[in-house]
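**Student:** Chains as they are written, first to last, in our numbering: chain A, 1 to 451; chain B, 452 to 635. I'd like to ask you about the structure that follows.
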Amino acid sequence: MRTPFNRRTGPVSRPAPPPAPAAAPPRWHPAPRTRNLATAALLALLAAILTGHAALVLLAAPALGALALMPRRQPPEPAVTVALSGARCFEGEEVTVTATVSSPRPLDEIVAELAPGPHVTLVSGAATQVFVQASRATATWVVRPGRWGRYPPAAVLARAGLGGAQVLIRAEPDPLEVFPQPARMRPRLVPAELLRRIGEHTGRAAGAGVEFAGLRPYQPGDTLRDVNRAVSIRRGQPHVNQRAAARAADLVIMIDAFGQAQGAVAAATLDLAVHGAAALAAAYLRVSDRAGIVVLGGALRWLGPAHGTRQFYRIAELLLQARYDSWVTPDLDRIPRTALPPGTLVVVFSPLLDPRGLAALTDLRRRGFPLIVVDTLRDEPPPASPAAFTARHPAEAGLALRLWRLDRAATRSALRGLGVPVLSWPADAELDSVLAPVRPPPAARPRPVRS
Amino acid sequence: MNPPALRGRPALRGRISLRGRLSLRGRPRILAALAVVLGLLTVAWPLPWAPAWTYPVAGLGAVTVLAAAVLRWPHPVLAVAAAIISCAAATAGVAVLAAEGLFILGYLLAADAPRGLAVPGPWLRRQAPLLLAGLIAAGAVLAMDAALAMDAVDLAASAWITLAGLAAATAAYLIALPSRRRPP
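In structure tokens, the structure reads:
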């Protein structure tokens, strides 16, 4: 697929959704009120028969009278539609959910109950809304999704009652694309060699930027505004200020999404990586830089560097399907040169757990890319798991944890040996401060010449 | 297919706003209080004519009334069962039993009030025909009692008749109310 922004887009393969089970059509059935009244009448009649006390029929008579008055003709099933105010939003933004229940005939009561998803908060609107004697009812809620992903934010359970019968219908809106909310940060991390394109970073070459770069003797054609009077007087000949060129940068964000698709640790590391990638992409795209993304994890997916707001949304959409459980080892040679230009600064978010991800990092570094690795694993294995084993063998449990720590230290040391800084991302730190120690970034390693 | 997103706030027919209303577990206080009062009245009404051993049963019924109101326990019929046991053991007259039947009806209707109901007026008006029907039925049985002297009828004269009555009542109940369907 060709787009104006990048000439090639990685194969965005989506796992086929499982076939939805054929939902049985909702049917009318006795309402709890009908059941309660009938049960009470039955109990009273049984008491009358068993005790031989005929006056106990008086206990059942009002309930039977009310049951007799309830209409028995079943109306057609009502239609329930659920709509969202938008198809996409960011984390923390509010989305309006509107459920409409309509029936050809007026119903005694319509109850619409909202069941928010696991990471969704109900902001306004009563969770249960009741409409009396209506043939069409519209219930509105405002919800706030709290986690990125593609999922329906809530389900609506509609209950329509007429006479002694009721029907229950569960309806869900179309999936909502919730983009990760990018944290505010400044794009101060740039590669040593910048593009020959106008941007906002200070380049090495002299140009028409705003940063002071040096002094040189005046030459014909220099503007008088650049004349440095103090230096000119001191040296006895006119000197002018030189300014650094303002250049743009390319940034490729890489996410190591290998590992289990389920689990708290996997979700936490991926969540951190997605938020970090969104923050970096937003920061660089805001200042006219180009940003791209490569997702390692089963199928290799990438998005070549491009600029503009549209690129951010394309990156965010790719992030939504970052995890793709597979045992395939990615082949980085498949990534075209346009998607990973030489000399591009690559920031990798990785938990450093999967050897395939480590192999990809090593390969990239040997190909000459300046790499920065942000470790997204914040938690250690709990020392008391399993509890029974720890209770019986406390020494071995502690030893296992120490070995795990040594293994991680060895991995970090190996990466540092390749010239790849590995940064930890503590829970209370912003990504901007995490990346601060590597400013300026490591110089690009010259690509080995193959003989 | 879902319709396109609605713009603005649509006009709602029959919509009842809940904002600004105090509620007890999502139900207006007046309906919750009505359910509790009617439930306790249902349980306590036959006690003056009932033997002492029915008091614990009535206590359990009162507990279920409170549980149904506060914890939204969806089994108000248990309190009704306790009241029927008390009535079966009591020596109350037909007027007392007729009033008890109306209390049972009122309690079951009030306990079934929707949880998200904000203004109880329209819903209460919808219950008036059912209460009227119950009143008419109770009046009809009272009239029949006055005409036929129902207490003189010996329902347990034959074990077979008793058995047939039980079977007929149970079969009618099961046929009228098929198995409970789970919510989708």
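In this text, a Cβ means the ideal position worked out from N, Cα and C, and glycines have one as well.
1) Just to confirm the assignment, what range does the alpha helix (DSSP H) spanning B:Gly552 have?
2) Please name the residues in the segment 99–127 of chain A whose beta-carbon is closer than 7 Å to at least one beta-carbon of chain B, in chain order.
3) Which first and last residues belong to the beta strand (DSSP E) in which A:Val167 is found?
4) Which bits of chain A does B:Ala597 rub up against, with CB to CB less than 9 Å?
5) Distance, Cα to Cα, B:Gly552 vs B:Leu529?
6) Would you kindly work out how many angstroms separate the C-alpha atoms of A:Asn228 and A:Leu270, rounded to a whole number?
7) Report yes if the C-beta distance between B:Gly585 and A:Pro62 is below 8 Å; otherwise report no.
8) Quick one: which unbroken alpha helix (DSSP H) runs of 4-plus residues sit fully inside the segment 80–146 of chain A? Chain order, please.
9) Can you list, in chain order, the stretches of the beta strand (DSSP E) that have 3 or more residues and sit fully within the segment 409–446 of chain A?
10) Going by DSSP, which residues form a beta bridge with A:Glu177?
11) Going along chain A, which residues have a C-beta under 9 Å from B:Gly585?
12) Within this structure, are the beta carbons of A:Phe258 and A:Gly297 separated by less than 8 Å?
13) Give the single residue among A:Leu176, A:Ala66 and A:Arg27 whose Cα lies nearest to the Cα of A:Gly86.
14) Candidates A:Gly214, A:Val132, A:Phe369 and A:Ala436: which alpha carbon is nearest A:Gly419's?
15) Which of helix, strand or coil does DSSP assign to B:Ala541?
16) Would you mind reading off the limits of the alpha helix (DSSP H) that contains B:Ala518?
17) Taking only the alpha-carbon atoms, compute the straight-line gap between A:Val132 and A:Arg33 and give it to the nearest angstrom.
18) Is the shortest distance between the beta-carbon of A:Pro145 and the beta-carbons of chain B less than 8 Å?
19) Restricting to runs no shorter than 3 residues, where is the beta strand (DSSP E) found entirely within the segment 203–285 of chain A?
20) Exposed or buried, which one is B:Trp504 when buried takes at least 16 other CB atoms within 10 Å?
21) From A:His201 to A:Asp289, what does the alpha carbon distance come to, in whole angstroms?
22) Beta carbon of A:Leu435, beta carbon of A:Leu345: below 8 Å?
23) Please report the distance separating the alpha-carbon of A:Glu396 from that of A:Leu403.
24) Have a look at A:Ala359 and A:Leu285 and give me their C-alpha separation to the nearest angstrom.
25) Are the CB atoms of B:Ala588 and A:Leu43 within a distance shorter than 8 Å?
26) Hey, out of B:Ala483, B:Ala534, B:Ala597 and B:Arg577, whose CA is closest to B:Pro507's CA?
27) Is there a Cβ of chain B sitting closer than 8 Å to that of A:Arg33, yes or no?
28) Taking its Cβ as the centre, do 16 or more other Cβ atoms sit within 10 Å of A:Pro187, making it buried, or is it exposed?
29) With 8 Å set as the bound, which would you pick, yes or no: does the beta-carbon of B:Pro580 sit closer than that to a beta-carbon of chain A?
30) Would you call A:Trp425 buried or exposed, if buried means 16 or more other Cβ atoms sit within 10 Å of its Cβ?
31) Alpha carbon to alpha carbon, how far is A:Asp222 from A:Arg235? Give it in angstroms, no decimals.
32) So is A:Thr39 in contact with chain B if we call contact Cβ pairs under 8 Å?
33) Taking only beta carbons into account, state which residues of the segment 550–570 of chain B come closer than 8 Å to chain A, listed in chain order.
**Tutor:** Looking at the atomic coordinates:
1) Val545 to Ala562
2) Asp108, Glu109, Val111 and Ala126
3) Ala165 to Ala171
4) Those do not exist, as B:Ala597 stays about 12 Å from chain A at its closest Cβ, beyond 9 Å.
5) 15 Å
6) If I take the Cα positions, the gap works out to 53 Å.
7) yes
8) Fully enclosed alpha helix (DSSP H) runs of 4 or longer: not present.
9) 422–424
10) A:Arg88 and A:Arg150
11) For the C-beta of B:Gly585, the chain A residues within less than 9 Å are, from N- to C-terminus, Ala61, Pro62, Ala63, Leu64, Gly65, Ala66 and Leu69.
12) A contact, by the Cβ cut-off of 8 Å.
13) When each option's Cα is compared against that of A:Gly86, the closest is A:Leu176.
14) When each option's Cα is compared against that of A:Gly419, the closest is A:Phe369.
15) Looking at B:Ala541 - three-state DSSP - the assignment turns out to be coil, as it is neither helix nor strand.
16) For B:Ala518, the uninterrupted alpha helix (DSSP H) segment begins and ends at Thr505 to Val521.
17) Taking the straight line joining both Cα atoms gives about 16 Å.
18) no
19) 239–247 and 250–256
20) B:Trp504 comes out exposed.
21) 9 Å
22) no
23) 10 Å
24) Spanning the two alpha carbons is a distance of roughly 29 Å.
25) no
26) B:Ala534
27) At least one chain B Cβ lies under 8 Å of A:Arg33.
28) buried
29) yes
30) buried
31) 18 Å
32) yes
33) Glu551, Gly552, Leu553, Ile555, Leu556, Leu559, Leu560, Ala562, Asp563, Pro565, Arg566, Gly567, Leu568 and Ala569
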